[in-house]
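Okay, structure first, notes after.
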Amino acid sequence: MDKESAAQLVLSEFTHACYVHYTCFVFATLGIPMVTNQFGEQEEIGKVFIGPSPPEEGNAHSVISVGDLRAFSRKDGRFTDIIAKSTIVSLFAEWDEHYRPKFAATLGIKPNEVENDLMGDVRKIRNLIVHKKIAKNTRLSCLSWDIDGDFCVTTEMMGILMDHLHKMKTWTPF
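Our numbering applies: residue 20 is where the sequence shown begins, and numbers increase by one.
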């Protein structure tokens, strides 16, 4: 197999990995309303205990008020944002630690010689998510997301990211 074909195969593998992450994101966010609806008309101040045993056994891994559960579970609410941001961080880690070096190796170049505007955008977004800071006036090349301050990642934004991943091309110094 020639270098170009091998590199395209690596890019296809990365795209498939992105599909798996996105499918997980979609299924997780679709499941949020189903779980929330199980609490019906409970009072907002009531508590939901999550753990391996009944709450009275004192082994709750998490406790959340019914009010917060409902608020965070809204479409594009806090739970969706958390899952989306986790997905973005994971996607970038896979790209940077596995697929980018593998792509570079097929072409006989260094990983830092492989550039991609979309993954550059994802890196900037990842840095904001992880480190809670971004350089003033940072511009994204591909994504038209407003990432100033405390931003929320919506299901629509994740769909846009996937649209761009479908068309992803890399740049090398050749």
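Built from N, CA and C at the ideal position, the CB exists for glycine as well.
Terminal residues of the alpha helix (DSSP H) in which residue i lies
i	result
Ile51	Lys22 to Asn56
Phe91	Val85 to Ser92
Val149	Asp136 to His150
Lys104	Arg97 to Glu113
Contacts around residue i, its chain only, beta-carbon distance under 6 angstroms, and the 5 residues preceding and following it disregarded
i	result
Met181	Tyr41
Glu23	none
Gly70	Asn78, Ala79 and His80
Residue burial classification, residue i (beta-carbon count within 10 angstroms, cutoff 16)
i	result
Arg119	buried
Asp92	Checking the sequence shown, residue 92 turns out to be Ser, not Asp. By the neighbour-count rule (16 or more Cβ atoms within 10 Å), Ser92 is buried.
Arg145	buried
Met20	exposed
Contacts around residue i, its chain only, beta-carbon distance under 8 angstroms, and the 5 residues preceding and following it disregarded
i	result
Lys143	Ile153, Thr157, Leu159 and Ile166
Contacting residues, own chain, Cβ-Cβ under 7 angstroms from residue i (five flanking each side not counted)
i	result
Ala26	Phe122, Thr125 and Leu126
Gly96	Ala90
Straight-line gap, residue i to residue j (C-alpha atoms, nearest Å)
i	j	result
Pro52	Thr99	11 angstroms
Lys151	Asn78	32 angstroms
Gly59	Val85	10 angstroms
Cys37	Leu137	13 angstroms
Ile64	Asp140	41 angstroms
Within 8 angstroms, strictly: CB atoms of residue i and residue j
i	j	result
Ile102	Thr48	yes
Phe68	Val54	no
Val195	Ile107	The requested residue 195 does not occur in the structure, where the chain is confined to residues 20 to 193.
Leu30	Met187	yes
Extent of the continuous beta strand (DSSP E) to which residue i belongs
i	result
Asn69	Sequence inspection shows Ile at residue 69; the Asn mentioned does not correspond to that position. Ile69 -> beta strand (DSSP E) spans Lys66 to Ile69.
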